[in-house]
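Trainee: Residues in the sequence shown are numbered consecutively from 0, following numbering that gives the first Met the number 0. Glycine included, C-beta positions come from ideal geometry on N, C-alpha and C.
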Amino acid sequence: MTAMQTNSTPAVVFTALAGVAIVAVIFYGASRKRKHALSPQQWKVFFTEDGRLRDGGIRLLKRVRSGGVGPRIRAEVWPFLLGVYNFNSTKDERDAVRTQNRKEYEKLRRQCRKLIKKSNESTSANEFLSSQDRSPEAESSDYPSIVSLEGDDYVNVSNADASLLDTDFIESPEVIQTVPSDDDQEDNNPMKTNKDSAEGLEVIQTAPPEDVQEDNNPMKTTKDSAEGPEVIQTAPPDDVQEDDSPVKTAKEPLQEKVPSKPPTNEDFSTWQRIIRLDALRANADWMSHYPSQAAVSDSVARRTAEAVGLEDYGHLEAGRIFHAARLVAILEAYALYDPEIGYCQGMSDLLSPIVSIISEDHEAFWCFVGFMKKARQNFRLDEVGIRRQLELVAKIIKYKDAHLFKHLEKLQAEDCFFVYRMVVVLFRRELTFEQTICLWEVMWADQAAVRAGIGISAWNKVRKRAPPTEDLLLYAIAASVLQRRKLIIEKYSSMDEIIRECNSMSGQLDVLKLLDDAHNLVITLHDKI
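(1) On the CB-based measure, 16 or more other CB atoms within 10 Å of its CB, does H402 come out buried or exposed?
(2) Out of Q344, K409, L391 and Q411, which one is the CA nearest neighbour of L380?
(3) Could you check if R420 is buried or exposed, using at least 16 other CB atoms within 10 Å of its CB as the buried criterion?
(4) What's the gap between the Cα of M218 and the Cα of E382?
(5) To which residues of the same chain is D284 closer than 8 Å at the C-beta, ignoring the five residues directly before and after it?
(6) Decide if Q507 is buried, meaning its Cβ has at least 16 other Cβ atoms within 10 Å, or exposed.
(7) Do you know whose CA, among A306, E331, S88 and Y342, lies nearest F543's CA?
(8) Rounding to the nearest angstrom, what Cα-Cα distance links I488 and R387 in this structure?
(9) Quick check on L349: does DSSP put it in helix, strand or coil?
(10) DSSP puts V68 in a beta bridge; with which residues?
(11) On the DSSP letters alone, give me the boundaries of the alpha helix (DSSP H) that N519 sits inside.
(12) According to DSSP, is L407 helix, strand or coil?
(13) Going by C-alpha distance, which of A328, R301, R428 and I329 is nearest A317?
(14) Compare the beta carbon distance of L60 and F370 with 8 Å and say whether it is the shorter of the two.
(15) With a cut-off of 8 Å on the beta carbons, I'd call A323 and L309 a contact; round off their distance for me.
(16) Under 8 Å by Cβ, that's how I've got Q446 and E429 pegged, so tell me the actual separation to the nearest angstrom.
(17) State the Cα-Cα distance for the pair K399 and R499, rounded to the nearest angstrom.
(18) Thinking C-alpha only, which one of H314, E339, W443 and I528 is nearest I396?
(19) Name the two residues that bound the continuous alpha helix (DSSP H) containing V383.
(20) Residues bridged to F46 by DSSP?
(21) First and last residue of the alpha helix (DSSP H) that includes M442?
(22) Quick check: what's the CA-CA separation for S492 versus I476?
(23) Determine the closest residue to S347 out of S291, L276, K405 and I356, with distance taken between C-alpha atoms.
(24) Considering only the beta carbon of each residue, do D526 and Q482 sit closer than 8 Å?
(25) Would you check if the distance between the CB atom of P78 and the CB atom of C366 is smaller than 8 Å?
(26) Figure out for me which residue from L389, D337, L114 and E390 has the closest Cα to the Cα of R375.
(27) On a Cα-Cα basis, can you pick out the residue from F426, K394 and L425 that is closest to D414?
(28) Using only CA atoms, which one of L511, K405, V423 and V96 lies nearest to V441?
(29) Pull up the distance between the alpha-carbon of H35 and that of D266, whole angstroms please.
(30) Please tell me whether I329 and A363 are closer than 8 Å, where the distance is taken between their beta carbons.
(31) Here's a check: name, in chain order, each residue in its chain whose Cβ is nearer than 6 Å to the Cβ of V521, leaving out the five neighbours to either side.
(32) Are there 16 or more other CB atoms within 10 angstroms of the CB of L514, so buried, or fewer, so exposed?
(33) Please go through the same chain and pick out, in chain order, the residues whose beta-carbon is closer than 6 Å to the beta-carbon of R73, but skip the five residues on each side of it.
(34) Which same chain residues end up closer than 6 Å to E185 when comparing Cβ atoms and leaving out the 5 residues on each side of it in sequence?
Okay, structure coming up:
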């Protein structure tokens, strides 16, 4: 009996230790749960009677940085984080700017339709001239197709390939002026008055930002990597903002360059074609989080799609069709707003989460403009912005883990090109929808603090005193690599293997631990770097 009790003692101890370990894991996981996301009630308290944020927005930024934004009020808070609304603006001032922003967006959409019409008229004329050389039988069968395209009904051109997409919506300018209509949108957002106000024109409408540059490089792809096809630099324009553009720059960063001119029809047609293809491929993971945005009728979705010339969408459900059409409208407008960048693959990945949350196109557009003030450097043809960011990631890794960096040098991977995709689309491919939002909101809060000139002293008791930084994303990318240091050092012997490892991170990252590690890196290295 005694022997049996003695033999059972180790088993009991082991079981007890295992229980402690499980509890410890649960506790540790719970300790990293996102704490106290900003609620609608707290959001209201932040404002004075005239609708001005108290203390210049410091409390708001602290709360967002530590807990994020509640799903119900994201559409109201994001314009502040992205610089559309000034933290010191009153409600009346934001209302006035919101009205102006709507007009500016609609003017851009009208310009889009004019370019579309010119392009299609040119295409129709060329097709008509070429038909003169055909036989009477051929002429009688092809010419009516051109006539029908110019009529009132949208015509799908016999399963045309991607190269013909830009000729398939001549009539779209006449269908809907802006996409989508307000009546078709989600209407359950609380506190709509705050959402519908703005004072950010002074902040946002300084674009294109100071890093705009001329680049006569023709259509060019990024480096040949696994990520390359996803970030093809398809927008070749060396043009700058057109003279009568509704958006003028405050700092006039382009004055020393060649006199501005509008993008050519060829430029715009190239952007159009790729925008439509990318819009149809947009990730649908947002639909489960915002079902009311996806709950549109099939007729509304198709009418909106036809208005922007979208086709080949028969395999998609109505919510995805509607979402794709909104992406097309906003991305076309942005291409005219910032023709130096135009459109490049990957930009739809950045816009899609914004569109899924903000129901009105003009508001989503200006939030995207605010987002792109920092992110646009990822899409420059000379890749100066990308190289700078990769160099910073490499520097963080080198300072934090010299042994790992030496291994990367041995593999000729010290340029950190293996995180290229993470940099370009800001972790969108590696994280789920909610994880992406979690990371972006914290990143936006940091950038907003820097933009507002909020000093380090204001953050003393937040995130272990990590100061706000415009490069939080890069610290997070470096953290994701450092988390895999042992695997990289012990098992990987080539750059390709590391690239495959980075690509396989999708769905495998703990975004809260990633943010904790990133902030720890900021604390340790910010002053050095």
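Mentor: In this structure, then:
(1) exposed
(2) Q344
(3) buried
(4) The pLDDT assigned to M218 is 38, lower than 50, so where the model puts this residue is not dependable, and the model offers no usable value.
(5) T431 and F432
(6) exposed
(7) Because the chain here runs from 0 to 528, residue 543 falls outside it and cannot be looked at.
(8) 25 Å
(9) helix
(10) L37
(11) V510 to L524
(12) helix
(13) R301
(14) no
(15) 6 Å
(16) Contact flag wrong, Cβ pair sits at about 20 Å.
(17) 23 Å
(18) I528
(19) V383 to K399
(20) L52
(21) F432 to R450
(22) 21 Å
(23) L276
(24) no
(25) yes
(26) D337
(27) K394
(28) L511
(29) 47 Å
(30) yes
(31) A465, T468 and Y474
(32) buried
(33) I356
(34) Note that E185 scores 41 on pLDDT, short of 50, meaning its location in the model is unreliable; the coordinates nonetheless yield the value given after this. Same-chain partners within the cutoff: S291, Q292 and S358.
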